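Participant: Before I ask anything, here is the structure I am working with.
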Ligand SMILES: [Zn+2]
């Protein structure tokens, strides 16, 4: 197994938390709407998107570093409360 899969249909994005590139589908798209970071798992919301792995390990440092300010080219601060709750839930193992 070479592990090399360079499928063109699979664009990569950089995670704001760990700075690693990952397939777009593995990352959670987050858009900024009126000062709030809104999770956009289906990728359907308009606007500038930021990408993080859907885990607090990546989300928390991204918020701390104010990576969203850079991603959205806006000053912020952004409300990430609902976003964090979303990621917390997404991290729960399925039961
Ligand atoms: Zn990450």
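In UniProt numbering, the protein residues as written are 1 to 95. Glycine included, C-beta positions come from ideal geometry on N, C-alpha and C. Every value quoted in this text rests on a predicted model; they were computed, and no experiment measured them.
If I follow the unbroken alpha helix (DSSP H) through residue 42, where does it start and stop?
Facilitator: Premise fails: residue 42 is in no alpha helix (DSSP H) and is neither H nor E.
Participant: Identify, in the order they occur along the chain, each residue of the same chain with its Cβ nearer than 6 Å to the Cβ of residue 36, setting aside the five sequence neighbours on each side.
Facilitator: 79
Participant: Spatial neighbours of residue 86 within its chain, please: C-beta separation below 6 Å, excluding the five flanking residues on both sides.
Facilitator: 39
Participant: Output the residues surrounding ligand 1, defined as those with a CB atom closer than 6 Å to any ligand heavy atom, in chain order.
Facilitator: 15, 17, 18, 20, 52, 53 and 58
Participant: For residue 60 and residue 14, I'd like the C-alpha separation in whole angstroms.
Facilitator: 16 Å
Participant: Pull up the CB-CB distance for residue 51 and residue 27, whole angstroms please, since I reckon it's below 8 Å.
Facilitator: 4 Å
Participant: I believe residue 31 touches residue 17 by the beta-carbon criterion, under 8 Å. Please report the beta-carbon distance rounded to the nearest angstrom.
Facilitator: Incorrect: roughly 17 Å between the Cβ atoms, too far for contact.
Participant: Classify residue 29 as buried or exposed, calling it buried when 16 or more other Cβ atoms lie within 10 Å of its own Cβ.
Facilitator: buried
Participant: Mind checking who residue 23 pairs with in its DSSP beta bridge?
Facilitator: 12
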